[in-house]
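Inspection log for the structure reproduced underneath, given as structure tokens.
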Amino acid sequence: MQDSADQAGRPRLEIADRDESDEEQPEQEDGAPDGVEHLVRLAEDLGLSELDVEELVYDMVHRGASSTYNNGASASPELGDLAAFDTVHHDADEEASRINNGGLHTQIKALVKAFGAEATEGLLRESAE
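Here the sequence shown is numbered in my numbering, starting from 7 and rising by one per residue.
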């Protein structure tokens, strides 16, 4: 989980809780983890569009938001429990929208960073069924 806070002083969201969180993904020259271009082509070959991948991104980001909330990182003395929950998930909605507005490459890049290339491929194939 990242310890840094956003401009409003709220903790940054953990995008998703990945088992290999300590492992760095090898990157391409454009800063994308290895495998992103292959997975973008795979998504297109499977007939998936940005809209098809959108829900995967929302699920990923909200999973991270739930982890952030459950680990107490969202605790703020001025916010009650429900308000803290709402704030974390509102921020997750904004993050997911930002990722989804970036298009298929940005969506898949975020999924690979959160879950790894192999798991992302599985998610894409499952979505295409």
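Glycine included, every Cβ here is placed at the ideal spot set by N, Cα and C.
(message) Using only CA atoms, which one of Val118, Thr74, Ile114 lies nearest to Asp58?
(response) Ile114
(message) Closest to Ala116 by C-alpha separation, out of Thr74, Ser55, Glu60, would be which residue?
(response) Glu60
(request) Note down the Cα distance separating Asn107 from Ala123, rounded to an integer number of angstroms. (result) 21 Å
(message) By the DSSP assignment, the alpha helix (DSSP H) with Leu45 in it spans what residues?
(response) 42-51
(message) I'd like the span of the alpha helix (DSSP H) that includes Gly128, first residue to last.
(response) 123-134
(request) Determine the burial state of His44: buried for a count of at least 16 other Cβ atoms within 10 Å of its Cβ, exposed for fewer. (result) exposed
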